[in-house]
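Numbering (my numbering), first residue to last: 1 to 645.
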Amino acid sequence: MGKTITEKLIEAHIVSGRFIPGTEIGIKIDQTLTQDATGTMAYLQFESMGIPRVRTELSVSYIDHNTTQIGFENADDHRYLQTVAQKYGIYLSRAGNGICHQVHLECFGKPGKTLLGSDSHTPMGGALGMLAIGAGGLDVALAMAGEPFYLTSPKIIKINLTGTLPPWTSAKDIILKVLNIFTTKGNVGCVFEYGGDGLANLSVPERATIANMGAECGVTTSVFPSDEMTRIFLKAQDREDAWREITADDDAKYDRIVDINLSELVPLTAKPHSPDNVSPVRDIGEIEVNQVCIGSCTNSSYKDLVTVAKILKGRVTHPGVSFMIAPGSKQVLENLARDGFLADLIQTGARIMESACGFCIGNCQSPQTKAVSLRTSNRNFLGRSGTLDAEIYLVSPETAAAAVITGRFTNPRDLGMHYPEVKMPEHFHIDDSMIIKPEDTRDPSAIEIYRSPNIGDPPVNEAFPERIKGEVTIKVGDKITTDHIIPAGKRMKYRSNIPKYSKYFFELIDGHFYKRAIKIRDKGRHNIIVAGLSYGQGSSREHAAICPMCLGVKAVIAKSFERIHTANLINFGILPLTFKDEGDYERIHQGDGLEIRDVRKIIENNGIMIVKNVSSGISFEVMYSLSDRQKKILLAGGALNLRHI
Ligand code: MIC
Ligand code: SF4
């Protein structure tokens, strides 16, 4: 029987288990990436493993998230990361060189390879025919130590693209259509594999926007074939030798096939506060726009920004709009400058920002009170911009540019212009001098790792208790994202300082959570979180599991969980449980006392788990899904504990 691309990639890397959807397999990881906000913890964990040099084909440490540098913390973290990279044989992409996913695509991605990254948008590498997966920092540290990465054999959904994009629509509209179909919940354990005639006109950067935002649907990853378009892109990057063809067999079998006719697409937007809240732009009405931000890892490629420059040439930014551009990488910025487009953007009044995450993670450029902000980024979760009552809409670069001119939400088709034709250059100007290579360091053993007061040791947990006895510290609803759980933005500089960062746990939902949790923990009782559907959407940040570990959280009971967050909870010794009867969610309240007896024994023997609500007297059954490997990790109190036993 023929094979899908996903099966081919997995089978070439499988080291344990068998590819049967729903069962756990281990795969060999060829490449890893980290970014600074998740990287410091990942490298502290790697250091604690006592391995002299990374055991991957390639590992890259990017500095792109915490580059605002208010206070000493970010700069100290950067220095730490640089010395770690030099000591352990890791490439370091310096601050200013660009956003990890864009730079990885340009400089390192290779068709057919596996890539594990401590960032949820790592699947962007799928645009090159890689199996690129996002994970918590500890899983990436383990991969750097040469250990396999474990995942559930996925179901494979083919997204069959036909037709051609009409003028004024682009890759963002394709992925917003996908989000409209699949939503942000219910896709755990699936891979999106793209195919169909519609691919013929989609360049790698366009595919990258689509693969990147598959993360919003919660899929394990998204995969594109490695075809002629891939070869053209790699050649333009002076890396044609990295190319090899990878396509699905004609008779490959998929779990589901969904057709999207590109010719029928119209400009789309995701309204506040979820990427799946999708509407045609024409249905929004001409509401006033206060801010436009173009960039992030999703739409910051050369083609995106040249399209914007051509739409805006000779125009002036509307007086009601603050207009930002953050090019995805130094390469993009430099090529825009050399080809004259940067001058056009500057003339328009664009505020040119560093090639970094910046506004996307709420690190800067928070909009005004109750602002309407149009962004080409991938997430519009409540509060992520740094302004709690701002209304963030996700749009294509074309729709963003239209609002820069008119100051209102505008269907770009109504601008009355010809749609600018933009071709990708046959060769980019390439200068990778902002990447420090392992071979640049003569004597790695002589490198002394830089440590600062903001960088602690990786926190340690105790073994999992015999029984859970504690309180529902908080009860939250559906689609709680990791941005709700532990905010980034101005708090992100404490990523290397867990005791400090933990103070902001659930800050956006309940400012008193921390004090309550400490009180319960200090009474020798456990904290328990109760949640609705799709708990832990969004980011891969393992701090959403490390901080609660330090606050004495032992279990999260939810209607359902997202993939990366589940793995992170287990890695830090917190038990993810789901309601057997979702109706029990209604019968449980914040402050209720809960008890699970013999919890270790039940897990060891695959027994039925009953939670006793001591406050109401009601008992209910919960489910857990743990492989033997995960049971060992959990019972040891986390993956690092298990390694050190
Ligand atoms: C994000 O887009 O939310 C982030 C910031 O890139 C995160 C990683 C992090 O929290 O550091 C992600 O996507 O995993
Ligand atoms: Fe950075 Fe935003 Fe991309 Fe996350 S989504 S990696 S914060 S640009």
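By construction, the Cβ of each residue, glycine as well, lies at the ideal position given by its N, Cα and C atoms.
When DSSP states are grouped into helix, strand and coil, Glu621 belongs to the strand group. With a threshold of 7 Å, the Cβ atom of Thr220 does not count as near the ligand MIC, since no heavy atom of the ligand is closer than that. Of the other Cβ atoms in all chains shown, 16 or more fall within 10 Å of the Cβ of His78; this residue is therefore buried. Leu342 sits buried, since 16 or more C-beta atoms from the chains shown fall within 10 Å of its C-beta.
When secondary structure is reduced to three states using DSSP, Ser16 falls in the strand class. The residue from Ser366, Val219, Phe381 with its alpha-carbon nearest to that of Asp483 is Phe381. Relative to the ligand SF4, the beta carbon of Ser296 is positioned inside 7 Å of a heavy atom. A Cβ-Cβ distance of about 4 Å is found for the pair Gly98 and Ser355, placing them in contact under the 8 Å criterion. Using a cutoff of 7 Å, the CB of Thr387 does not count as near the ligand MIC, since none of the ligand's heavy atoms is closer than that.
Straight across, the Cα-Cα distance linking Glu216 with Ser452 is about 35 Å. Take Gly477, set aside five residues on each side of it, and the residues of its chain with a beta-carbon closer than 8 Å to its own are Ala531, Gly532, in chain order.
Contact between Thr348 and Leu374 is ruled out by a C-beta separation of about 15 Å, above the 8 Å threshold. Per DSSP, reduced to three states, the secondary structure at Asn641 is helical. Straight through space, the alpha carbons of Lys113 and Val316 are spaced by roughly 45 Å. The alpha carbon of Asp581 has as its nearest neighbour, out of Ser560, Ala463, Ile570, Gly39, the alpha carbon of Ser560. Judged by DSSP secondary structure, Leu58 falls within the beta strand (DSSP E) whose first and last residues are 58 to 62. Setting aside the 5 residues that flank it on each side, Lys475 is surrounded in the same chain by Val530, Gln590, each with a C-beta closer than 6 Å to its C-beta; the list follows chain order.
When C-beta atoms of the region 163 to 183 are compared with those of the region 138 to 149, fewer than three pairs fall below 8 Å, so the two segments do not count as touching. Lys437 sits exposed, since fewer than 16 C-beta atoms from the chains shown fall within 10 Å of its C-beta.
At least 8 Å separates the beta-carbon of Ile14 from that of Ile29. For Ile99, the shortest separation between its Cβ and any heavy atom of the ligand SF4 lies below 7 Å. Of the heavy atoms belonging to the ligand SF4, at least one sits nearer than 7 Å to the Cβ of Cys357. Exclusion of Gln45 from the 7 Å shell around the ligand MIC follows from its C-beta lying no nearer than that to any non-hydrogen atom of the ligand.
If you check the CB distance, Arg384 and Glu595 do not come in under 8 Å.
Look at Cys547 here: in three-state DSSP terms it is helix.
If you look at Gly218, you'll find it isn't in any beta strand (DSSP E); DSSP assigns it neither H nor E. Bounds of any beta strand (DSSP E) do not take in Ile5; it lies within the alpha helix (DSSP H) bounded by 5 to 11. The Cβ atoms of Leu268 and Val204 do not sit closer than 8 Å to each other. In this structure, Ala132 sits near Met124, with a CB-CB distance shorter than 8 Å. For Gly358, the secondary structure class from DSSP, reduced to helix, strand or coil, is helix. CA-CA distance, Gly198 to Lys3, rounds to 21 Å. Neighbourhood of the ligand MIC, defined by CB distance below 5 Å to any of its heavy atoms: Ala37, Thr38, Asp119, Ser120, Ile361, Ser539, Ser540, Arg541, in chain order.
Here the alpha carbon of Pro397 sits roughly 16 Å from the alpha carbon of Leu336. Distances from the alpha-carbon of Leu9 to those of Leu92, Leu115, Thr68 put Leu115 closest. For Ser329, the shortest separation between its Cβ and any heavy atom of the ligand SF4 does not lie below 7 Å.
The three-state reading of DSSP puts Pro576 in strand, counting E and B together.
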